[in-house]
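As structure tokens, the structure follows; a few thoughts come after it.
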Amino acid sequence: MTNDEIFSKVQAIIVDQTGEDAEKVTMTTNIKEDLDADSLDIFEVINEIEDEFDIKIETEEGIDTVSDLVGFVEKQLKEAK
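The opening residue of the sequence shown carries number 1 in full-length UniProt numbering; numbering runs sequentially from there.
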């Protein structure tokens with residue numbers, strides 16, 4: 001799965017969970033600050049991403065931007081191969 005494919009899925013999940021427009025969710029978007037996501041929003045996004053990619057995200061530490069999240073998912077998928 002390519003970085004762009006991962007981003008598309010992550011973006012769709014974030015849009016669905018936060019109600020934001022897709023144009024506002026870019027790789028540089030800070031999930032908490034730019035989208036005003038609270039801890040429940042982030043929890044729901046993480047749960048959806050875990051289900052979508054069949055991975056486990058133990059903590060949101062170090063995951064501030066959409067790029068951080070896409071990179072984390074990409075790393076987890078590579079390690080699972």
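All residues carry an ideal CB built from backbone N, CA and C; glycine is no exception.
*Give every residue of the same chain whose Cβ lies closer than 6 angstroms to the Cβ of I31, excluding the five residues on either side of it in the sequence, and list them in chain order.*
A37
field: Option nearest V45 by Cα separation, candidates A22, T18, E23
entry: V45 has its Cα closest to that of T18, out of A22, T18, E23.
Contiguous alpha helix (DSSP H) assignments of at least 4 residues, all confined to the segment 2-80:
3-18, 39-53, 66-80
- Between L40 and T59, what straight-line distance do the alpha-carbon atoms span, to the nearest angstrom? 14 angstroms
**Asked** For K9 versus F53, is the C-beta spacing smaller than 9 angstroms?
**Response** Yes, the Cβ-Cβ distance between K9 and F53 is below 9 angstroms.
Margin query: Rounded to the nearest angstrom, what separates M27 and S67 at their Cα positions?
Written below: 5 angstroms
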